[in-house]
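Trainee:
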Amino acid sequence: MEKITNAIQVVPIQHYIYLSLILFIIGIIGALLRRNSIIVLMCIELMLNAANLLLAAFSAYHADASGQVFVFFIMVVAAAEVAVGLAILVMMKRNNHSLDINLLNRLSDNN
Amino acid sequence: MGLIFYILAAIAIISALVVVFSKSPVNSVIALIVTFLCIAGHYVLLNAQFLAVVHVIVYTGAIMVLFLFVIMLLDMNRENEPHKKWTTKLAAVISGGLLLLVLLAAVKRLSIMPIQHVVNNKMGLVHDLGQVLFKDFLLPFEATSVLFLAAMVGAMMLGKHDKHKI
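Line by line, the protein sequences give chains A and B. Under my numbering, the first residue of the first sequence is numbered 1, with each subsequent residue one higher. Under my numbering, the first residue of the second sequence is numbered 1001, with each subsequent residue one higher.
1. List the endpoints of the continuous alpha helix (DSSP H) containing Ile26 (chain A).
2. Counting only Cβ pairs nearer than 9 Å, list the residues of chain B close to Ser66 (chain A).
3. Do Ala50 (chain A) and Gly27 (chain A) have their C-beta atoms closer together than 8 Å?
4. Taking the C-alpha atoms as reference points, what is the distance between Ser1015 (chain B) and Met1157 (chain B)?
5. Which same chain residues, not among the five before or five after Leu55 (chain A), have their C-beta less than 7 Å away from its C-beta?
6. Nearest by alpha-carbon distance to Phe73 (chain A): which of B:Lys1089, B:Ala1091, B:Leu1051 and B:Phe1067 is it?
7. Determine, for Thr1060 (chain B), whether the minimum Cβ-Cβ distance to residues of chain A falls below 8 Å.
8. By the criterion of Cβ-Cβ separation under 7 Å, what are the contact partners of Val71 (chain A) in chain B?
9. Would DSSP call Asp1075 (chain B) helix, strand or coil?
10. Would you be able to state if there are at least three C-beta pairs under 8 Å between the segment 1063-1075 of chain B and the segment 1093-1110 of chain B?
11. Could you check where the alpha helix (DSSP H) with Leu55 (chain A) kicks off and where it finishes?
12. Can you list the residues of chain A that Gly1041 (chain B) reaches, using a CB-CB cut of under 7 Å?
13. Would a C-beta distance cut-off of 8 Å place Phe1141 (chain B) and Leu1133 (chain B) closer than the cut-off?
14. Mark Tyr16 (chain A) as exposed unless 16 or more other C-beta atoms lie within 10 angstroms of its C-beta, in which case mark it buried.
15. DSSP state of Asp109 (chain A), grouped into three classes?
16. Cβ closer than 9 Å: which chain B residues qualify as neighbours of Ala80 (chain A)?
17. Can you check DSSP and say which residues form a bridge with Asp100 (chain A)?
18. Hey, out of B:His1055, B:Leu1090, B:Leu1101 and B:Leu1147, whose CA is closest to Ile1039 (chain B)'s CA?
19. Secondary structure at His1083 (chain B), three-state DSSP: helix, strand or coil?
20. The alpha helix (DSSP H) that contains Val1058 (chain B), what's its start and end?
21. Determine the contact status of Met1076 (chain B) and Leu99 (chain A), defining contact as a CB-CB distance below 8 Å.
22. Taking Asn1027 (chain B) as part of the alpha helix (DSSP H), name the residues at either end of that continuous run.
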């Protein structure tokens, strides 16, 4: 176990920052690119996980457990968000017979 | 030890790209599960063992199964997703790339604090984490239970079949 967790002495923290930045940007691009709303929800999950990874990395490099507790709270929020989001998706499919995110334009006032 | 980090990072990034660019939603879900497993591997490397286990159980065990379940329930396995205009796609990629550029430049100029080399090997285990969670973060912990209750009621309200159509 001690051998495995020595990775933080080999890998500099900048590389963790770069990794989570790249994952976050992939999530953003996916949320902007796709029209299927379930994939947009999955990209939001990806962004949340990039933030989680960065929190865990900083917590390990500072030898402080508070960062890991914050990751727990983010996981809780993500679980609640997915439950409500998927319920909204099911309702959207039932009413529109489609999951196209552009159909939500109807919610706005000016068309 | 550093090699494991780079292998896991490469797999995570590639499968994240598959999530975005694959045609079928089921493939996206599978790729996202692979990404999450790689992130759990990163947690183990980062001395957060309990977090890794919880991540596997909650994300790959519960959330992604919920996604798969909804995809199969809604019968979305057909590849009939309408595509955005290519100008919109180009704008999305360019704006994402610009954001990446700005953030990378900002991180490059960052002065990182000296790293504590005192590694506390027990930090990520249940005992120490529970001490922190129930001593310092008791009120947020209770607040999350209220959040869960609200989310549960909301999901039931939304999922209920309404006779009078909205």
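C-beta: ideal position from N, C-alpha, C; glycine also.
Mentor: Put simply:
1. Its alpha helix (DSSP H) spans residues Ile13 to Leu33.
2. Correct list: Val1132, Asp1136 and Phe1137.
3. Closer than 8 Å, so yes.
4. The alpha-carbon atoms of Ser1015 (chain B) and Met1157 (chain B) are separated by roughly 35 Å.
5. Closer than 7 Å at Cβ, skipping near neighbours: Gly67, Phe70 and Val71.
6. If we check each option's Cα against that of Phe73 (chain A), B:Leu1051 comes out closest.
7. With 8 Å as the cut-off, Thr1060 (chain B) does not count as an interface residue toward chain A.
8. Neighbours of Val71 (chain A) on chain B, chain order: Leu1051.
9. The answer is coil: DSSP assigns Asp1075 (chain B) none of H, G, I, E or B.
10. Result no; under three Cβ-Cβ pairs closer than 8 Å.
11. Where Leu55 (chain A) is concerned, the enclosing alpha helix (DSSP H) stretches over Ser37 to Tyr61.
12. Correct list: empty, because the minimum Cβ distance to chain A is about 10 Å.
13. With contacts defined by Cβ atoms closer than 8 Å, Phe1141 (chain B) and Leu1133 (chain B) form a contacting pair.
14. Tyr16 (chain A) is classed as buried because its beta carbon has at least 16 other beta carbons within 10 Å across all chains shown.
15. Coil, per DSSP.
16. Those are Thr1144, Leu1147, Phe1148, Ala1150, Ala1151, Met1152, Gly1154 and Ala1155, listed as they occur along chain B.
17. According to DSSP, Asp100 (chain A) bridges with A:Asn36.
18. Among B:His1055, B:Leu1090, B:Leu1101 and B:Leu1147, the Cα nearest to that of Ile1039 (chain B) is on B:His1055.
19. Shown here, His1083 (chain B) sits in coil according to DSSP, grouped into three states, outside any helix or strand.
20. Counted as a single uninterrupted DSSP element, the stretch harbouring Val1058 (chain B) is not any alpha helix (DSSP H), since DSSP gives it neither H nor E.
21. Taking 8 Å as the Cβ cut-off, Met1076 (chain B) and Leu99 (chain A) qualify as a contacting pair.
22. Where Asn1027 (chain B) is concerned, the enclosing alpha helix (DSSP H) starts and stops at Pro1025 to Leu1045.
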